[in-house]
Amino acid sequence: MTELLARPPDAFTLNSAPLGVGRTSEVFVWSPGWVVKLFHAGYPLRQIEREASIARSLSDASCCDATAFRVPATGGIVAVAGRYGLLYQHAEGHPLVDALRRTGCASPLTRSGERLAELHRAVHRVHAGPHARLQRLPHQHATLRESIEAAPDLPPRLRAAALRALDALDLPEADETRLCHGDFHPANVLLCGEGTVSLIDWMAAERGRPTGDVARTCVLLRFGRTSAAHVITAREEAARREVHDAYLKRYFELALWSDGPARLGRWIPLAAAARLNEGIGNAERAALLPLVEQLISEE
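Using UniProt numbering, the letters of the sequence shown correspond one by one to residues 1 to 299.
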């Protein structure tokens with residue numbers, strides 16, 4: 001049974017403005033140097049325990065190159081007003097796009113995409129094999145299969161096609177698996193002082209092939225929404241496209257993937273199919289289904 005930490009500090013209040021809001025949680029200042037990621041009521045405690053375990057593993061400096069990025073330390077699980085929360089060391093920084101705009105960067109969207117690729121590649125340089133803690137992360141193929149099988153709005157013929165496509169991919173050997181973030185997008189990259197970078201929200205971290213993690217990021221950059229009510233305007237769509245294209249171009253360069261588009265094309269439909277299991281809204285669902293349909297046309 002999870003042992004919860006002491007009650008909130010006297011100064012803590014839910015009436016203050018959150019530092020950030022996501023699909024599953026809100027982030028509030030907890031105490032000097034600490035924030036709480038407070039999950040919405042009803043969010044499974046076992047998922048929070050999993051995130052806490054992952055965060056403890058990744059904040060171990062022996063796993064990751066601290067000169068490339070940092071993972072905020074976690075302080076444990078708390079209960080507040082009928083909701084569970086996870087304490088994190090406060091990474092005082094600004095989300096990637098906002099931070100670059102503050103510097104007066106001439107092309108903040110393009111540079112955001114390039115920087116996103118550079119940091120994502122740094123994550124993928126971490127071999128999961130040598131680290132016992134990272135070996136406990138779920139395997140990419142297993143999580144994809146679980147999501148595809150459980151996706152409620154995936155028609156049976158598309159589910160079957162996605163599972164066949166997944167089975168056709170080569171499984172990496174245990175010592176070949178790399179660290180994958182699982183939810184890598186600009187809002188989860190914080191540029192902090194003195195050139196340091198903190199990567200947050202590792203709850204979907206896994207071990208597997210970088211290509212699958214890149215495909216997931218592409219789907220999020222193009223189609224991801226913060227809520228079912230989120231409407232992507234033409235202006236936002238153009239901005240997303242600029243970040244997406246710059247990200248892919250730079251990642252392909254860094255990874256030396258001369259066959260990048262073809263390599264990625266095998267994974268995009270699978271990432272889209274898995275995303276359908278995340279309680280997304282109708283608009284995003286309508287955008288993703290055609291990507292999964294490609295599996296039928298290619299058979």
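Each residue gets a CB set at the ideal place from its N, CA and C atoms; glycine is no exception.
Residue i versus residue j: straight-line alpha-carbon distance, rounded
| i | j | result |
| --- | --- | --- |
| Asp213 | Met203 | 14 Å |
| Arg250 | Glu118 | 7 Å |
| Val78 | Thr226 | 25 Å |
| Pro152 | Ala106 | 44 Å |
| Asn277 | Ile148 | 7 Å |
| Glu208 | Leu179 | It should be pointed out that residue 208 corresponds to Gly in this sequence rather than to Glu. Their Cα atoms are separated by approximately 7 Å. |
| Leu256 | Pro155 | 36 Å |
| Arg159 | Phe12 | 46 Å |
| Leu100 | Tyr247 | 15 Å |
| Glu253 | Gly42 | 43 Å |
| His131 | Arg235 | 44 Å |
| Ser57 | Arg266 | 30 Å |
Cβ-based neighbour list, residue i, same chain, cut-off 6 Å, excluding 5 preceding and 5 following
| i | result |
| --- | --- |
| Arg143 | Residue identity check: residue 143 is Thr in the sequence provided, not Arg. Cβ neighbours of Thr143 beyond the five flanking positions: Glu206. |
| Ser31 | Pro9 |
Rounded Cβ spacing between residue i and residue j (contact assumed at less than 8 Å)
| i | j | result |
| --- | --- | --- |
| Ala81 | Leu14 | 6 Å |
| Leu288 | Phe223 | 6 Å |
| Ala262 | Val292 | That pair is no contact at about 18 Å. |
| Ser25 | His40 | 7 Å |
Burial state of residue i, where buried means 16 or more other Cβ atoms lie within 10 Å
| i | result |
| --- | --- |
| Arg157 | exposed |
| Asn282 | exposed |
| Arg46 | exposed |
| Val170 | First, the amino acid is wrong: residue 170 is Asp here, not Val. Label assigned to Asp170: exposed. |
| Ser112 | buried |
| Asp259 | exposed |
| Arg216 | buried |
Neighbourhood of residue i by C-beta distance below 8 Å, restricted to the same chain and skipping five residues each side
| i | result |
| --- | --- |
| Ile54 | Leu137, Trp202, Met203, Ala205 |
| Arg52 | Note on residue identity: the sequence assigns Ala, not Arg, to residue 52. Hits under 8 Å: Thr74, Gly76, Ile77, Leu86. |
| residue 340 | Residue 340 is absent from the model: the chain starts at 1 and stops at 299. |
Contacts around residue i, its chain only, beta-carbon distance under 7 Å, and the 5 residues preceding and following it disregarded
| i | result |
| --- | --- |
| Ala61 | Because Ala61 sits at a pLDDT of 49, beneath the cut-off of 50, its placement in the model cannot be relied upon, and the following sentence gives the value as read from the coordinates. Within the same chain, Ala61 has no close Cβ partners at all. |
Which full runs of the beta strand (DSSP E) of 3+ residues lie inside the segment 202-284, going along the chain? 206-208
Taking only runs of the alpha helix (DSSP H) that begin and end inside the segment 114-173, which ones reach a length of at least 4 residues, in chain order? 132-135, 140-150, 156-168
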